[in-house]
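Note sheet for the following structure.
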Amino acid sequence: MAGVLPNPVVAMSAHSVLVNINSIIYMIFAGLAVAVNIRVGNCLDANRPKQAKASYTVALTLTLAISLLSIVFLYATRWTLPSLLLNDHESIVRAASALAVWAPFEILDGQNTVLQGLFRGAGKQTVGASINAVAYYVFGTPLAALLGFYWALGVEGLWIGFLGILVSASCLYFLLFEHWTWEELANDVQKRTLA
493 MAGVLPNPVV AMSAHSVLVN INSIIYMIFA GLAVAVNIRV GNCLDANRPK
543 QAKASYTVAL TLTLAISLLS IVFLYATRWT LPSLLLNDHE SIVRAASALA
593 VWAPFEILDG QNTVLQGLFR GAGKQTVGAS INAVAYYVFG TPLAALLGFY
643 WALGVEGLWI GFLGILVSAS CLYFLLFEHW TWEELANDVQ KRTLA
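So this is what it looks like as structure tokens:
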């Protein structure tokens, strides 16, 4: 969508900087998601729901700490990072502005990524994929288009729309995990293992 915004060269430049920086930070959270997937899956398969819950708590706490460090890093380097990737002043200014808007949302991006790993570890992949589909295509993408184009917030609006994806998905993930008990999850895993 950034390519059809007004002044598409500047919009795409700023958007590309955010995509690249966010992808690098995402790799940290993706690693945690794999770790929590394996740890929670093994604990539930061994019928140790308390250890699975402890792993979940540790993973989310670690994710929060890394997210906060990422926010500080992004704010401190919001002018430096774009200038490493771009040489056009207007694009650098736009990317720095978008980074300042996006930085606090790293908390939700990290939590969302790790929660997806948790769903995989608990054997709830279909539920997680359904939540993602609804969050992205029903809620987030239309919100990004509305903010980016109709309300003319540009690249920042597109990334705030991405925030809508993270908020809706994270809320649903947390609600479902509050609804399920760890004992139920362990029993479900035991049944699937024996089937």
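Numbered per the working numbering, the sequence shown finishes at 687, counting up by one with no gaps. From the three backbone atoms N, C-alpha and C, an ideal C-beta is built for every residue, glycine too. Bear in mind the structure is a predicted one, so any value in this text is a computation, not a measurement.
Next item on the list: Assuming GLY653 and LEU639 form a contact by the criterion Cβ under 8 Å, report the distance between their Cβ atoms to the nearest whole angstrom.
Entry: Walking along the sequence shown from the start, residue 653 turns up at place 161. Walking along the sequence shown from the start, residue 639 turns up at place 147. That pair is a contact at about 5 Å.
* Would you kindly check if the distance between the Cβ of ASN539 and the Cβ of ALA687 is under 8 Å? => Here residue 687 corresponds to residue number 195 of the sequence shown, with the count starting at 1. Here residue 539 corresponds to residue number 47 of the sequence shown, with the count starting at 1. Taking 8 Å as the Cβ cut-off, ALA687 and ASN539 do not qualify as a contacting pair.
Indicate whether TRP594 and LEU510 have their beta-carbon atoms separated by less than 8 Å. The residue given as residue 594 occupies position 102 in the sequence shown. The residue given as residue 510 occupies position 18 in the sequence shown. Cβ atoms of TRP594 and LEU510: closer than 8 Å.
DSSP-derived helix/strand/coil call for ASN529
For the purposes of this step, residue 529 is identified with residue 37 of the sequence shown, where counting begins at 1. In the structure shown, ASN529 falls within a helical segment according to DSSP collapsed to helix, strand and coil.
Quick one: what does DSSP say ALA644 is sitting in, helix, strand or coil? Counting from one through the sequence shown, the residue named residue 644 turns up at place 152. DSSP places ALA644 in coil when its eight states are reduced to three.
Quick check on this structure: which residue in GLU648, PHE641, GLY649, PHE631 has the alpha carbon closest to the alpha carbon of ILE657? Position 165 of the sequence shown, counted from the start, is the residue given in the question as residue 657. The shortest C-alpha separation from ILE657 is found at PHE631.
Check your understanding: For ALA503, which three-state DSSP category applies?
Key -> Locating residue 503 in the sequence shown gives position 11, counting from the first residue. Here ALA503 sits in helix by DSSP.
- Task: Count the other C-beta atoms from every protein chain shown that fall within 10 angstroms of the C-beta of SER622, then say buried if there are 16 or more, exposed otherwise.
- Result: By one-based count along the sequence shown, residue 622 stands at place 130. Looking at its Cβ environment, which holds fewer than 16 other Cβ atoms inside 10 Å, SER622 is exposed.
SER660 vs ILE599 beta-carbon contact at 8 Å
Locating residue 660 in the sequence shown gives position 168, counting from the first residue. Locating residue 599 in the sequence shown gives position 107, counting from the first residue. Their beta carbons are not under 8 Å apart, which means SER660 does not touch ILE599 by this criterion.
Buried or exposed (CB count within 10 angstroms, at least 16 for buried), TRP651:
Stepping through the sequence shown from its first residue, residue 651 is reached at position 159. The residue is buried, with at least 16 neighbouring Cβ atoms inside 10 Å.
Note to self: Measuring straight from C-alpha to C-alpha, what distance separates LYS542 and GLY649?
What the structure shows: Against the sequence shown, residue 542 aligns to sequence position 50. Against the sequence shown, residue 649 aligns to sequence position 157. If I take the Cα positions, the gap works out to 41 Å.
- Message: Can you give me the C-alpha to C-alpha distance between ASP740 and ASN604, rounded to a whole angstrom?
- Response: With the chain running from 493 to 687 in the structure shown, residue 740 is simply not present.
Euclidean distance between Cα positions of MET493 and ILE513:
Position 1 of the sequence shown, counted from the start, is the residue given in the question as residue 493. Position 21 of the sequence shown, counted from the start, is the residue given in the question as residue 513. Annotation: MET493 to ILE513 spans about 18 Å, alpha carbon to alpha carbon.
Would you give the residue range spanned by the alpha helix (DSSP H) that ASN604 belongs to?
What you label residue 604 is simply residue 112 of the sequence shown in a count that begins at 1. First-last of the alpha helix (DSSP H) with ASN604: 598-613.
- Query: How about the stretch 571-582 and the stretch 497-509: do they share at least three Cβ pairs that are nearer than 8 Å?
  - Reply: With the cut-off at 8 Å, the stretch 571-582 and the stretch 497-509 touch.
Can you list, in chain order, the residues of its chain whose CB lies under 8 Å from that of VAL619, leaving out five sequence neighbours each side?
-> Here residue 619 refers to the residue found at position 127 of the sequence shown. Cβ neighbours of VAL619 beyond the five flanking positions: PHE611, LEU668.
At 4 residues or longer, and completely inside the stretch 517-571: list those alpha helix (DSSP H) runs for me, N to C. 541-568
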